[in-house]
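Written out below as structure tokens is the structure these notes cover.
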Amino acid sequence: MPDSSPQPPPCPFKKRFPSQLVRDDTFFMSLAFNQAIDAWREDEVPIGCVVVRDGEVIAAAHNTVEHGADPTAHAEMLAFIQAARAIGNWRLEGCTVYVTKEPCPMCSGASLMSRVQRVVYAVPDPQMGCLGGATNLNALPRVNHRCDITAGGVIEEECRELIRAYFKLKRPSAQTPSPETGPND
Ligand SMILES: [Zn+2]
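Sequential numbering from 9 applies to the sequence shown in my numbering.
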């Protein structure tokens, strides 16, 4: 990065260190939360994702839209690519996706297209979420694959506060931005 690039605001949130003994939804969402903190430290919107199969994390990623100058570089998209490489198959059957915010239209679509078994998201997004928040692609009447959805409730408050705090520091004049896109999109 050039020296002139602005530094991200210091992240006031700490990573979570969940017990390895209980590998439940909270455990895996904690890993996604930690990815989101990594995103913040790189001055990216703090959203993180992990993909789990047979109890093992096979992919972990965070949003890199800004640094990659890539509008598709959402945490979920990057994690899906990693997961497909890890298992050598684009069909992510048997996989569970943990993501700190409800997937956008692109990532909700990719969840269906990759045939993941289950999506667990921490923060519902009534503006752009497409797995129940703004709309629900999973409920399209003729869709050929449906995911099991867990909508909110898994370290939801921490994940919401992380995104809120980031936008507040980055854009202090903003009203209430969409968690994903901010106030200008
Ligand atoms: Zn997305």
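Note that beta-carbon positions come from the ideal geometry of N, C-alpha and C, so glycine has one too.
For D156, the CB contacts under 8 Å within the same chain, skipping 5 residues up- and downstream, are Q125, R126, V127 in chain order. For the stretch 27-63, the continuous beta strand (DSSP E) assignments of 3+ residues that do not extend past its boundaries occur at 56-61, in sequence order. Taking a contact to require three or more Cβ pairs closer than 8 Å, the stretch 66-73 and the stretch 133-148 do not qualify as touching.
Residue pairing for C103: DSSP places it in a beta bridge opposite R61. CA-CA distance, G117 to P16, rounds to 31 Å. Secondary structure within the stretch 129-191: the alpha helix (DSSP H) runs of 4 or more consecutive residues, fully enclosed, are 164-178 (chain order). Distance from the CA atom of A44 to the CA atom of Y174, rounded to whole angstroms, is 11 Å. Between the alpha carbons of G63 and M85 lies a gap of roughly 21 Å.
Nearest to N146 by alpha-carbon distance, out of D33, S122, R49, V65, is S122. Straight-line measurement puts the Cα of R179 at about 30 Å from the Cα of F88. The secondary-structure analysis by DSSP pairs K109 across a beta bridge with V131. Residues of the same chain with a CB within less than 7 Å of the CB of A83, apart from the 5 flanking positions on each side, are Q43, I55, G56, C57, A69, H70, N71, V107 in chain order. In this structure, the CA atom of V60 is about 15 Å from the CA atom of F41.
Scanning its chain for C-beta atoms nearer than 7 Å, with the 5 sequence neighbours on each side dropped, one finds around I163 the residues T34, M37, S38, F41, A130, in chain order.
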